[in-house]
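Which chain is which? The protein sequence lines are A and B, in order. All residue numbers for the first sequence refer to this note's numbering, where the first residue is 1 and numbers rise by one. All residue numbers for the second sequence refer to this note's numbering, where the first residue is 1001 and numbers rise by one. Yeah, the Cβ is synthetic: ideal placement off N, Cα and C, and Gly gets one too. Inspection log for the structure reproduced underneath, given as structure tokens.
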Amino acid sequence: MKKSLDDIEKSNPFAVPDRYFENLTSRIQTRIAVPERTFQSELRFILKWAIAPVVLAAFFIAYQIADPKPVDSSFLSEVSNEDIINYLEQSGIGEDELVMLLDPETDISMGLDQLDHLDLDGPGMDELINEYDLNSDYL
Amino acid sequence: MEEDFIISKITDPETRSYGFNLLVKHYQERVYWHVRKMVIDHDDADDLTQEIFIKIWNNLEKFRGESKLFTWIYRIATNECLNYLSRKKRRFFLPIHDLVEELTQKMDDSPLMTGDEIQMKLQKALLRLPDKQRLVFNMKYFEELKFEEISLITETSVGALKASYHHAVKKIEDLLNDD
């Protein structure tokens, strides 16, 4: 005889451990009282604080690449010699390093060899004195 | 416990925790059995039931009272069941019938199965249905929910549900008579 669902008694074939439902509520309450730190929540926490500086850095780099501005040397002329010298003294930069920073086309030796042959008592001194500003603080 | 009373507690931030406690006590068994019939194993059902209530807790503020509380809870439980079974199948990287074999084996091995021979045969036949069809069958046949209620829970039309249930019944009866 063909079986049909109507012939089968509806009953629950599954069982649970003793007192299972008595403890279930308290176990759930314990879990929600202590928020679980999952990998996803940790990652969200890190990204939350890292994302802003990363985005800013990315924008800055993109901006620099898109519109690189050459250093404007004209502003240096607005800086006084005294400020420049103070800066150099404080930075501890030596003479050799200064030389290295100069434009390679600048020949700082120009004129120096002339000093070797300078006769301080000779007539050339007048010429030299006329050439240089004796009021300069650096003479 | 009146559903309205629970809703009045969970929608008030001052009494939300108390209201949630009432909610769990009131719905825990229904949710558990709804899950257990799908995942078969008690430990899996226990884990999933707890996850469902934690999800309910985390989303309590989103409950607006547009649906019944029971409908809202069952919708979460149903979706979590389906997601769980999908994940299980993906993890195995095996054809669907292998998960069926696994669940069938759990039924045979579990000391927490108390049904007689025909009951066990029915449960094993149910495992051969697609997950959503099995869910609909369980809600209609065992829990005796109306199609309109199942429609709100599964967000599927009543017509589609009736067709699904009718085909499920026919399939089950064919399997039961396959000796």
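What residue range does the alpha helix (DSSP H) around Asn23/A cover?
20-33 is the span of the alpha helix (DSSP H), which, as asked, contains Asn23/A.
Which residues mark the beginning and the end of the alpha helix (DSSP H) in which Ile1153/B is found?
Segment 1147-1154, the alpha helix (DSSP H) holding Ile1153/B.
In whole angstroms, what is the alpha-carbon distance linking Leu1023/B and Asp1046/B?
C-alpha separation (whole angstroms): 17 Å.
Give me the residue from Leu1048/B, Ser1017/B, Leu1082/B with the minimum Cα distance to Glu1061/B.
Across the set Leu1048/B, Ser1017/B, Leu1082/B, the C-alpha of Ser1017/B shows the shortest separation from the C-alpha of Glu1061/B.
Below 9 Å between beta carbons is the criterion; list the residues of the region 1132-1151 of chain B that meet it against any residue of chain A, in chain order.
Listed in sequence order: Tyr1141, Phe1142, Glu1144.
Selected residue, minimal CA-CA separation from Leu1161/B, among Lys1146/B, Lys1124/B, Lys1121/B:
Comparing Cα-Cα distances from Leu1161/B to each of Lys1146/B, Lys1124/B, Lys1121/B, the minimum goes to Lys1146/B.
With a threshold of 7 Å between beta carbons, is Leu1176/B in contact with chain A?
Interface residue (Cβ-Cβ distance to chain A less than 7 Å): Leu1176/B is classified as such.
Comparing C-alpha positions only, which one of Leu1103/B, Tyr1074/B, Thr1078/B, Ala1077/B sits nearest to Lys1088/B?
With distances taken between Cα atoms, Lys1088/B lies closest to Leu1103/B.
Between Ser4/A and chain B, is the shortest Cβ-Cβ distance under 7 Å, so that the two count as touching?
Closer than 7 Å to some Cβ of chain B, the Cβ of Ser4/A qualifies, so yes.
Beta carbon of Thr1114/B, beta carbon of Ala15/A: below 7 Å?
When the beta-carbon positions are compared, Thr1114/B and Ala15/A come within less than 7 Å of each other.
Neighbour flag for Gln1105/B against chain A, beta carbons, 7 Å:
Taking 7 Å as the CB threshold, Gln1105/B stays off the interface with chain A.
List, in order along the chain, the chain A residues whose C-beta lies closer than 9 Å to that of Ile1172/B?
Near Ile1172/B (Cβ distances below 9 Å), the residues of chain A are Leu5.
Using the beta-carbon of each residue, which ones in chain B are nearer than 8 Å to Arg27/A?
Chain B residues near Arg27/A: Gln1050.
Lys1025/B and Thr25/A - do their beta-carbons sit closer together than 7 Å?
In this structure, Lys1025/B lies closer than 7 Å to Thr25/A by Cβ.
Mind pulling the chain B residues with CB within less than 7 Å of Val16/A?
The contacting residues are His1042, Leu1112.
State yes or no: is the C-beta of Lys1055/B nearer than 6 Å to some heavy atom of the ligand COA?
For the ligand COA, the structure offers nothing, since it holds no ligand at all.
Determine, using beta carbons only, whether Phe59/A comes closer than 7 Å to chain B.
By this cut-off, Phe59/A is not an interface position.
Over what stretch of residues does the alpha helix (DSSP H) that includes Ile1054/B continue unbroken?
Where Ile1054/B is concerned, the enclosing alpha helix (DSSP H) stretches over 1042-1058.
What residue range is occupied by the uninterrupted alpha helix (DSSP H) comprising Leu1175/B?
Element bounds for Leu1175/B: 1158-1176.
Cβ neighbour criterion (16 or more within 10 Å) applied to Ser1164/B
By the neighbour-count rule (16 or more Cβ atoms within 10 Å), Ser1164/B is buried.
Nearest-angstrom beta carbon gap, Thr1071/B and Ile1153/B [assumed within contact, 8 Å]
Contact between Ile1153/B and Thr1071/B holds, with the beta-carbon distance rounding to 6 Å and staying under 8 Å.
For chain A, check one thing: does any of its Cβ atoms lie closer than 7 Å to the Cβ of Ile1118/B?
Answer yes: the Cβ-Cβ gap between Ile1118/B and chain A drops below 7 Å somewhere.
Round the Cβ separation of Glu1080/B and Lys1055/B to the nearest angstrom and send it over; I've been treating them as touching at under 8 Å.
Contact flag correct, Cβ pair sits at about 7 Å.
Kindly identify the DSSP beta-bridge partner or partners of Phe14/A.
Beta-bridge partners assigned by DSSP to Phe14/A: Met1113/B.
Start-to-end residues for the alpha helix (DSSP H) that takes in Met1038/B:
That run of the alpha helix (DSSP H) goes 1016-1039.
From what residue to what residue does the alpha helix (DSSP H) around Lys1132/B run?
In the DSSP assignment, Lys1132/B falls within the alpha helix (DSSP H) that extends over 1131-1137.
For Phe60/A, count neighbouring Cβ atoms within 10 angstroms of its own Cβ and tell me buried if that reaches 16, exposed if not.
With fewer than 16 other Cβ atoms within 10 Å, it is exposed.
Ile1006/B - DSSP class collapsed to helix/strand/coil
Three-state DSSP puts Ile1006/B in a helix.
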